[in-house]
């Protein structure tokens with residue numbers, strides 16, 4: 005009986021001990037569970053996710069198993085499949101915005117400087133024509149007004165060339181002097197009647213007689229070099245603008261989207277939404293995503309160098325307006341030269357082409373000769389017209405050159421600009437996201453360009469398949485660079501706007517800022533001007549009302565100056 009009582013007592017004590025152990029275990033587990041629940045809360049992620057404008061419907065309150073994830077680490081996570089998809093889309097959009105914003109200033113520079121130079125040069129042409137018209141009307145009166153279309157056509161063709169028209173400057177200027185010779189010869193010999201065949205014979209003696217002295221030769225050299233440089237320069241600004249706009253609209257391939265998501269938003273899935281990526285990690289991701297853009301950089305730099313060369317042709321050691329005498333003064337000098345030598349010129353023409361018949365009216369050239377004896381003085385600096393732009397060509401070109409220099413190596417520096425510390429990345433190498441957790445990023449940074457991405461640990465690219473659009477822009481830059489180099493040397497290469505069929509806007513680009521123009525470059529001699537001038541004028545009028553406005557003295561002077569300065573430089 006006593007043994008039974010002791011046995012029951014021992015059994016009861018054991019049962020109580022087991023109950024205590026069980027209660028302790030449950031208590032420990034309960035505390036542990038509460039701790040784990042607090043550590044794996046997704047509240048910060050929910051707050052950050054909501055701040056992006058997303059619905060919290062699919063966002064868990066606590067971490068869940070990440071086996072469903074395709075991009076981010078598969079451990080316990082605050083991301084669902086729906087969240088990962090949205091964050092991937094968000095990564096792509098944010099990257100596109102990063103590139104757009106980083107290139108905004110450079111692209112705006114090309115747009116604004118192209119517009120300013122174009123307006124400046126066209127206004128110079130307009131002022132030049134107005135000056136000639138005013139001076140010649142006062143000096144020659146009715147005689148000029150009766151023959152003003154000869155001079156109007158000159159400026160129309162100069163403007164049409166500058167705005168991208170199919171004009172051969174040398175032939176056009178030769179045609180101007182031939183037409184002026186015909187008119188002058190008839191006015192100075194108005195007692196005779198001349199047939200069209202006879203006048204054609206007269207123009208054949210132009211080179212031999214040199215009725216206008218050396219003015220046509222000098223003016224042609226100056227105008228040709230100046231207008232080739234000006235037209236090519238403004239076209240270069242437009243091409244730079246178009247290339248930059250197209251390249252900035254980056255094509256984000258799937259491998260890049262994946263890498264961007266891992267870098268920008270996988271910290272969300274790990275419950276660390278405020279954690280920024282490590283700098284070198286960001287650099288590798290951007291080097292991969294912008295590999296094709298960096299391949300453009302070499303050709304872009306050559307293009308900028310060529311633009312700077314041509315810019316040097318636009319301004320010289322002396323101001324263009326001080327170096328080049330206005331076109332109206334030059335033409336007046338030529339007219340005076342022919343008037344002074346009219347008797348000798350007429351005698352040689354009569355000898356070569358035959359004695360013309362006396363006109364039935366029997367007019368005398370005496371009064372006309374007196375009119376041509378009137379000479380006018382060039383503008384004083386105070387009288388010379390200025391442009392509405394309120395600046396000189398020198399200051400404008402200097403400003404453009406500074407901006408061009410700033411754009412060199414832009415595409416190779418783009419990853420640096422985007423991954424700037426403090427802006428996108430964390431400066432503390434130990435407190436940054438390294439693609440899977442918080443800590444230092446150890447892989448080396450790869451070099452730029454598509455071929456070097458074979459070693460990129462973050463972005464897996466097919467280096468045998470370059471971006472087609474980028475390759476097209478590289479070729480566009482290459483062709484434009486070649487044209488610029490030729491323009492620097494005074495050589496013209498035909499540049500035809502594919503929208504040339506009556507769609508010219510009157511700007512140097514042949515296209516307004518709102519349109520996209522593809523250009524066809526052909527490395528040939530200067531284009532041949534059409535024989536039917538009336539058709540050309542009609543085409544110019546159809547191309548844009550802005551063509552009807554005249555050129556400016558300063559412009560032509562600018563145009564003249566370039567060549568003259570270039571020629572002086574060449575002979576030094």
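Numbering (the numbering used here), first residue to last: 5 to 576. The beta-carbon is built from N, C-alpha and C at its ideal position, and this holds for glycine as well.
- Note that the region 279-294 touches the region 437-448; at least 3 beta-carbon pairs, one per stretch, sit closer than 8 Å.
- Annotation for residue 248: 107, 110, 111 and 114 place their beta carbon closer than 7 Å to its own, counting only its chain and skipping 5 residues before and after.
- Judged by their CB atoms, residue 227 and residue 177 are nearer to each other than the 9 Å cut-off.
- In the three-state reduction of the DSSP assignment, residue 81 falls in the strand class, which pools E and B.
- Following the DSSP letters along the chain, one finds residue 240 inside the alpha helix (DSSP H) bounded by residues 219-252.
- In this structure, the straight-line span from the alpha carbon of residue 183 to that of residue 217 is close to 16 Å.
- Looking at the backbone, the Cα of residue 136 and that of residue 334 are separated by about 10 Å.
- For residue 345, no alpha helix (DSSP H) run applies, since DSSP gives it neither H nor E.
- In the DSSP assignment, residue 145 falls outside any alpha helix (DSSP H) and carries neither an H nor an E.
- Residue 339 and residue 214 have their C-alpha atoms spaced approximately 12 Å apart.
- Restricting attention to 278, 142, 208 and 94, the CA atom closest to the CA of residue 332 is found in 142.
- Around the beta carbon of residue 71, a 10 Å sphere encloses fewer than 16 other beta carbons of the protein chains shown; the residue is thus reported as exposed.
- Counting of Cβ neighbours within 10 angstroms places residue 346 among the buried residues, the total reaching 16 or more.
- Distances from the alpha-carbon of residue 151 to those of 122, 189 and 295 put 189 closest.
- In the assembly as shown, residue 493 is an exposed residue. Its beta-carbon has fewer than 16 other beta-carbons within 10 Å.
- Going by C-alpha positions, residue 461 is about 12 Å away from residue 259.
- For residue 193, the closest of 485, 124, 350 and 133 by C-alpha to C-alpha distance is 350.
- Between residue 173 and residue 232, the CB-CB gap stays under 9 Å.
- Annotation for residue 62: no alpha helix (DSSP H) segment contains it, and DSSP assigns it neither H nor E.
- Rounded to whole angstroms, the separation of the alpha carbons of residue 318 and residue 397 is 8 Å.
- Short of 6 Å from the beta carbon of residue 224, and not among the five residues preceding or following it, lie these beta carbons of its own chain, in chain order: 177.
- In the same chain as residue 357, and ignoring 5 residues on each side of it, the C-beta atoms closer than 7 Å to its own belong to 202, 205 and 206, in chain order.
- Residue state for residue 293 is assigned as helix, using DSSP reduced to three classes.
- In the structure shown, residue 411 adopts coil according to DSSP, grouped into three states.
- In the three-state scheme derived from DSSP, where H, G and I count as helix and E and B as strand, residue 119 is classed as helix.
- Cβ-Cβ separation between residue 67 and residue 50: approximately 12 Å, too far for a contact (criterion under 8 Å).
- Taken through DSSP and simplified to helix, strand or coil, residue 430 comes out as strand.
- Linking residue 465 to residue 294 through their CA atoms gives a straight-line distance of about 11 Å.
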